[in-house]
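Student: Start counting the sequence shown at 35; every next residue gets the next number (the working numbering). Built from N, CA and C at the ideal position, the CB exists for glycine as well. Values in this document were obtained by computation on a predicted structure and should not be read as measured data.
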Amino acid sequence: MIDKVLIPDDNTNRFTYDYMRAMPGRINWHLNDLCNFKCEYCFFPYFTKENPDVGRLSPTQIVEAFNRTGRQWHIYMAGGEPMLYPNFIELIGLLKPYHPVYISTNLSNKYTRAFAEQITPENIISINASLHIGHHTESSLEKFIDNYKLYRSKGFHVIVTYVTHPPLFSKMDADFEFLKNRGIEHLHALTFQGSFEGKQYPAAYTHEQKKMLNKYLIDKTEMFVSMDRTNFQGKLCRAGKDYFFMDIKGNMFRCGTLEGKESYGNMFDGTFQPKQDIHACPVSRCNDSCHGITSLINMPPVPELDSDIKHSIMNGYHKVKSIFTGDTSLVE
Ligand code: SF4
Ligand code: SF4
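1. With DSSP run on the structure shown, which of helix, strand or coil describes V192?
2. With H, G and I counted as helix, E and B as strand and the rest as coil, what does DSSP make of C271?
3. Within the continuous beta strand (DSSP E) that includes H64, where are the two ends?
4. Could you check which residue in A112, L292, Q243 and K72 has the C-alpha nearest to that of M206?
5. So for H166, helix, strand or coil by DSSP?
6. Under 7 Å: does the beta carbon of S164 sit that close to some heavy atom of ligand 1?
7. Starting from Y53, follow its DSSP beta bridges and name the residues at the other end.
8. Closest to L224 by C-alpha separation, out of F230, N265, I126 and P236, would be which residue?
9. Going along the chain, which residues of its own chain have a beta-carbon closer than 6 Å to the beta-carbon of A150, five neighbours each way excluded?
10. Where DSSP assigns a beta bridge to H108, which residues make up the other side?
11. Quick one: what's got a C-beta closer than 6 Å to K130's C-beta in the same chain, skipping five residues either side?
12. Just how far apart, CA to CA, sit D253 and P335?
13. On the criterion of 16 or more Cβ atoms from any shown chain inside 10 Å, does R319 qualify as buried, or is it exposed?
14. Evaluate F287 with the Cβ neighbour count: other Cβ atoms within 10 Å of its Cβ, from every protein chain shown; 16 or more gives buried, anything less gives exposed.
15. Could I get the ranges of all uninterrupted alpha helix (DSSP H) runs contained in the stretch 207–293, with 4 residues as the minimum, in chain order?
16. How many whole angstroms separate the CB atoms of M301 and G326, which I take to be in contact at a CB cut-off of 8 Å?
17. Starting from the N-terminal side, write out each stretch of the alpha helix (DSSP H) that is 4 residues or longer and does not extend beyond the stretch 108–143.
18. Indicate the three-state DSSP secondary structure (helix, strand or coil) for H199 in the structure shown.
19. I'd like the span of the alpha helix (DSSP H) that includes C326, first residue to last.
20. Is the closest heavy atom of ligand 1 to the C-beta of E115 under 7 Å?
21. So what's L184 in DSSP terms, helix, strand or just coil?
22. Between the beta-carbon of L251 and the beta-carbon of H222, is there less than 8 Å?
23. Can you list, in chain order, the residues of its chain whose CB lies under 7 Å from that of F203, leaving out five sequence neighbours each side?
24. Is it the case that the stretch 72–85 contacts the stretch 96–107, given that we only count it when at least three CB pairs across the two stretches are under 8 Å?
25. Should A237 be listed as close to ligand 2, given that the test is whether its C-beta is under 7 Å from any heavy atom?
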């Protein structure tokens, strides 16, 4: 059994990468699939029905499963839309005294306001409110802003994440200005990753788009993602010891990138077994952008925009050279 905990209620921005990096044990839980939005850039297929594995355990059984590990976890919850998880409010009420949580939500679903009314902000590390601005009407955006204000008035740390789908670049400055004027305090851009109009992002971002992203990123570390430089193969990474990805069934993996590849048992059936030591990243691309990157030890220096042009020239040179020499070791 583990003791209850209370994280200090300081005024730090709880969604900085430094804050995440300092957490001793983290789990990124893919809680559910169901969502009330249908964003075309969603990582997951759209579901009109919830995944049948969702909600098999009661909130009490879930808390017991985490407590059985004998460790305190900081649990990041994402879906789908986590607030649509069965008995979500009860689950959070029971879980957070032992394991602080942070929740990624669209802040625009039928439980949004009930959550803020029934749950107190202690041990809610942050509410990561994703703003899918292309999917909002004028009135639903007003509701989003009202919901943001409700959460702030209740004392929650809220960070609004503006998802940078490529068609939005031309209006991003105006949107940020509008949202700041409407009282959104912590607002940042999240680098869109995926395909759009036959191009693969982030590789396809232009230098101008990267400059725009750089202006609004919450943490310079995310430059690795926006500049498509996420090869950390061979570098020591705490994922597998202090950070894990957990799927809907409770299966534990080293990280999101290694889901289905490097397994560590199951949280719910009691077979979860973390590694005792820190080991090197085995893959040439880290898709687990913020949690994965913050798990690295001795990170390489954050890439600078000015070095980006030089980098793409050199990469082109290595690509051409590899055709003749067969040596692809320097090609990204
Ligand atoms: S709100 Fe999030 S989970 Fe829902 S469809 Fe959009 S990207 Fe996917
Ligand atoms: S660097 Fe990324 S892909 Fe590699 S082990 Fe760490 S989290 Fe996983």
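Tutor: So, to answer that:
1. In the three-state DSSP reduction, V192 falls in the strand class (E or B).
2. The DSSP-derived three-state label of C271 is strand.
3. First-last of the beta strand (DSSP E) with H64: R60 to H64.
4. Of the candidates A112, L292, Q243 and K72, the one whose C-alpha sits nearest the C-alpha of M206 is Q243.
5. Residue state, collapsed to three classes: coil.
6. When distances are taken from the beta-carbon of S164 to the heavy atoms of ligand 1, the shortest one is below 7 Å.
7. Partner(s): none; Y53 has no beta bridge.
8. P236 is the residue among F230, N265, I126 and P236 whose C-alpha sits nearest the C-alpha of L224.
9. Excluding five sequence positions before and after A150, the CB atoms of its chain that fall closer than 6 Å to its own CB belong to L184, Y185 and K188, given in chain order.
10. Note: H108 sits in a beta bridge opposite R60.
11. Only N157 meet the Cβ criterion.
12. Rounded to whole angstroms, the separation of the alpha carbons of P335 and D253 is 13 Å.
13. R319 comes out exposed.
14. With 16 or more other Cβ atoms inside 10 Å of its own Cβ, F287 counts as buried.
15. Qualifying alpha helix (DSSP H) stretches, in chain order: 241–250 and 257–260.
16. Taking 8 Å as the upper bound for CB-CB distance, M301 and G326 are not in contact here, some 19 Å apart.
17. Listed in chain order, the complete alpha helix (DSSP H) runs (minimum 4 residues) inside the stretch 108–143 are 122–129.
18. DSSP places H199 in coil when its eight states are reduced to three.
19. The residue you asked about is not Cys; residue 326 is Gly in the sequence shown. Segment S323 to I327, the alpha helix (DSSP H) holding G326.
20. Set against 7 Å, the gap from the CB of E115 to the closest heavy atom of ligand 1 is smaller.
21. Helix.
22. Yes, the pair counts as a contact, with Cβ atoms nearer than the cut-off.
23. Once the five neighbours on either side are set aside, the close Cβ partners of F203 are Q243 and M246.
24. No, the stretch 96–107 is not in contact with the stretch 72–85.
25. Checking every heavy atom of ligand 2 against the Cβ of A237, none is found closer than 7 Å.
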